[in-house]
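Protein chains in written order, with my numbering: chain H, 37 to 568; chain C, -18 to 226.
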């Protein structure tokens, strides 16, 4: 599987100019640079705050959010560990664009990529895989492809066994005779030139298609809500669900040879170790490993370890990677989650309340601030996270910035509204009896605005806890990590490992704010007290 | 000799509407002066120009022998008590905190503040048990007494009352009037009272200023105005009082 949101074929990379790729197709280069400068400033600030995060220098291995990518990343990680290297796993990046940008930015050293994806979705010169031009283009990004692992995980179109039998479908060409079929494909496939736009033209397919998260597409097929989706030739789930892969009878789909894509600066001995994996996996072997995970429900670590021992890449007796216990994972993820939302909401509180206090006396300024913070709210969260990447890279910093931006609206709006709706008589009395501006603010205006201010904070905190689960797509970790992995694996139990604690956190936050309100606000002014 | 409050050629407009034009008025030191007139006559505007909540467009208002300051009013305003219609009590503060707020800001000791709050509440006949209540838990009449206590906390030289006794039943109002009279005997101040109620004016004040549409129809001692109304409009206002007498 190679699905993921966030990559658009229109967002192509120009390397002929030798400049930074314009990941965001939205604006002219000038704006891009401005954003980068601003982004760098914010990043610098945040890095200063989060400085102690990066102490040692382990080799960072990334993956995308599907089984095969996790398994391959884990194989590389364990092999390097067996050779005595320290490895940091940052798996589950939300799409080619995200993980590639992370690699380019040096936040990740290695991740498993496919030849077809590189030629079709990353490079724009049309260089063939394996040519000097291909290598040179990657070199211009500071990257290097290592030896291919052997198998070719190409795109395919799949239907359920029932559909295939009922309509007599065996090839992609057959689909053209059935315009009533409902197509739902992964977002990346939907937009890539080597995906839906290309295949529908090549085969003259009359159907339209919708973009859908890959794990959900399989579910939808089983429920009968979809007829055709994109699949991958080494997908372990194809057998599990009795799906039929339609033959690419016009040989449209390019080859997708898996390989470790690495930073050129990586130590030569590390590259040498990874090159030992060359040609070690056939299509069938890879499909089997994928099935071990998605059908047998074994962990990536288990499957990868077994593969390495069976193929004698590591000694049989060598200790297996310690799998983190459920409780430890849960605790780690929860702590990261709390950190992401805590820092973001606290910063939004300071800036939001400050901003509200600064502008609330001027109606036009208040309106402008509300419009801008409202506008931020309309950016879909995954898009905002993606927009952050060219500015501040990946990981916790962009996640915190995005959550901070989302938290501003409820806090600013509630504070401004609360300040504006204070009874003018009370304001007049406070001024008339001889209180200074700051005394009025501290003893009258803020206490009167406090119930609504707290309500805004509460909304911001609860919404942030929900939104922060998406931060896993850009490598920020947190409770979104098991959710993202679970989605990739179609594993409900894993999804719940993230979703239940996140819901618990949201409830706990509600409770904390209720207690806070009880302490700070007189009973008759509490906003959370519902009418009987 | 200068009076404690003087309006010197004061004009005040709201937008295009002139409320006052070239107004001259002096308010006597140590007396209770009632500004009376129908709503819209400008009496509340006049009051708010005394503590600088409203600023005249032309002319000037002098208080304590000096022009009302344009900025940094707080020290000036703390010499002037201020109580308003609907009491203006702060809903988030208990009764003692409402009354004692300015004392807290003046950094009075807790003991001194407590004593002063007790003293005022006793003078206004407020049950000490009310100290820990919130304003909304009190009756309208009780809230008005608290408003007076708060305005008197710092023993101001001037007390501005903007219809503070409106909206309660006549019996309660009479009681509050009595208590207020008692308070003024114990802690005398120059009082400017805005009211549309002629009974109240006659009962509490020694001086009357009768206003209509931003003009002073008549100003003088209560007896003088009642006995010798300057014109028909004043006479009509006064008649209402006579009718009851």
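Where is the CB? At the ideal position from N, CA and C, for every residue including glycine.
What you are looking at is a predicted structure, and each value in this text was computed from that prediction instead of being measured.
Could you spell out where the alpha helix (DSSP H) holding residue i opens and where it closes?
i                      : result
residue 106 of chain H : 103 to 118
residue 219 of chain H : No alpha helix (DSSP H) holds residue 219 of chain H; the beta strand (DSSP E) holding it covers 219 to 221.
residue 233 of chain C : Because chain C spans -18 through 226 in this model, residue 233 of chain C falls outside it and cannot be assessed.
residue 340 of chain H : 336 to 346
residue 33 of chain C  : Counting along the chain, residue 33 of chain C falls outside any alpha helix (DSSP H), and DSSP gives it neither H nor E.
residue 552 of chain H : 528 to 556
residue 498 of chain H : 482 to 503
residue 519 of chain H : 516 to 525
residue 182 of chain H : It is not in any alpha helix (DSSP H) - residue 182 of chain H carries neither H nor E in the DSSP assignment.
residue 197 of chain H : 197 to 203
residue 55 of chain C  : 55 to 58
residue 275 of chain H : 273 to 276
residue 474 of chain H : 473 to 476
Residue i lies in the beta strand (DSSP E); which residues open and close that run?
i                      : result
residue 146 of chain H : 146 to 150
residue 308 of chain H : Residue 308 of chain H -> not in any beta strand (DSSP E); alpha helix (DSSP H) instead, spanning 304 to 311.
residue 236 of chain H : Segment 232 to 239 is the alpha helix (DSSP H) holding residue 236 of chain H; no beta strand (DSSP E) there.
residue 329 of chain H : Note, residue 329 of chain H: premise wrong, no beta strand (DSSP E); alpha helix (DSSP H) at 319 to 330.
residue 292 of chain H : Run containing residue 292 of chain H: none; DSSP gives neither H nor E here.
residue 265 of chain C : Past the edges of chain C, shown from -18 to 226, lies residue 265 of chain C, and the structure says nothing about it.
residue 7 of chain C   : -2 to 8
residue 282 of chain H : 279 to 282
residue -16 of chain C : Where residue -16 of chain C is concerned, there is no enclosing beta strand (DSSP E), given that its DSSP letter is neither H nor E.
residue 41 of chain C  : 39 to 44
Just the chain H side, please: which residues come within less than 7 Å of residue i by C-beta, in chain order?
i                     : result
residue 65 of chain C : 461 and 465
Anything in chain H within Cβ reach of residue i, meaning under 8 Å, just list it in chain order.
i                     : result
residue 55 of chain C : 470, 471, 472 and 475
residue 59 of chain C : 469 and 470
Please report whether the beta-carbon of residue i lies at a distance below 8 Å from any beta-carbon of chain B.
i                      : result
residue 117 of chain C : Any reference to chain B falls outside this structure, whose protein chains are H and C.
Listing by chain order, which chain C residues have their CB less than 7 Å from the CB of residue i?
i                      : result
residue 479 of chain H : 82
Quick one: list the residues of chain C neighbouring residue i, beta-carbon separation under 9 Å, in chain order.
i                      : result
residue 484 of chain H : 71, 72 and 73
> If contact means a Cβ-Cβ distance below 9 Å, which residues of the stretch 9 to 42 of chain C contact chain H?
Replying inline: 29, 32, 33 and 34
> Taking a cut of 7 Å between CB atoms, which residues from the stretch 73 to 85 of chain C lie near chain H?
Replying inline: 73, 82 and 83
>> Under 8 Å, with one C-beta from each stretch per pair, do the stretch 67 to 82 of chain C and the stretch 452 to 467 of chain H reach the 3-pair mark?
In response: yes
>> Quick check for students: name the residue ranges of the beta strand (DSSP E) that lie wholly in the stretch 70 to 149 of chain C, counting only runs of 3 or more.
In response: 139 to 143
> Using a beta-carbon distance cut-off of less than 7 Å, what residues from the stretch 544 to 562 of chain H approach chain C?
Replying inline: 558, 560 and 561
> Does the stretch 157 to 164 of chain H come close enough to the stretch 99 to 118 of chain H to have 3 or more Cβ pairs within less than 8 Å?
Replying inline: no
> For the stretch 480 to 487 of chain H against the stretch 502 to 509 of chain H, are there 3 or more C-beta pairs whose distance is under 8 Å?
Replying inline: no
> Counting only runs that start and end within the stretch 385 to 466 of chain H, where is the alpha helix (DSSP H) found for 4 or more residues in a row?
Replying inline: 399 to 414, 417 to 428 and 432 to 456
>> Pairs of beta-carbons, one from the stretch 382 to 399 of chain H and one from the stretch 548 to 560 of chain H, closer than 8 Å: are there three or more?
In response: no
>> Three or more C-beta pairs under 8 Å: does that hold for the stretch 36 to 45 of chain C against the stretch -12 to 2 of chain C?
In response: yes
> Touch check for the stretch 527 to 547 of chain H and the stretch 467 to 480 of chain H: three-plus C-beta pairs under 8 Å?
Replying inline: no
>> Report the start-end ranges of each beta strand (DSSP E) in the stretch 124 to 174 of chain H that is 3 residues or longer and not cut off at the edges.
In response: 146 to 150
> Quick check: the stretch 283 to 297 of chain H against the stretch 194 to 214 of chain H, are there 3 or more CB pairs under 8 Å?
Replying inline: yes
> Which parts of the stretch 166 to 213 of chain C are runs of the beta strand (DSSP E), unbroken and 3 residues or longer, counting only runs that do not cross its ends?
Replying inline: 171 to 176, 188 to 193 and 196 to 202
> Below 8 Å, can you find three or more Cβ-Cβ pairs linking the stretch 45 to 57 of chain C to the stretch -4 to 4 of chain C?
Replying inline: no
> If you pair each beta-carbon of the stretch 294 to 306 of chain H with each one of the stretch 253 to 264 of chain H, do three or more pairs fall below 8 Å?
Replying inline: no
> Which ranges does the beta strand (DSSP E) cover as unbroken runs of at least 3 residues, wholly within the stretch 238 to 266 of chain H, from first to last along the chain?
Replying inline: 245 to 247
>> Does the contact criterion of 3 or more C-beta pairs under 8 Å hold for the stretch 24 to 33 of chain C versus the stretch 90 to 105 of chain C?
In response: no
> Below 8 Å, can you find three or more Cβ-Cβ pairs linking the stretch 3 to 23 of chain C to the stretch 188 to 199 of chain C?
Replying inline: yes
>> Check whether the stretch 265 to 282 of chain H and the stretch 317 to 327 of chain H touch, using three or more Cβ-Cβ pairs below 8 Å as the test.
In response: yes
>> For the stretch 230 to 238 of chain H against the stretch 163 to 182 of chain H, do three or more pairs of beta-carbon atoms, one drawn from each stretch, fall closer than 8 Å, so that the two count as touching?
In response: no
> Okay, do the stretch 533 to 544 of chain H and the stretch 388 to 404 of chain H touch, 3+ Cβ pairs below 8 Å being the bar?
Replying inline: no
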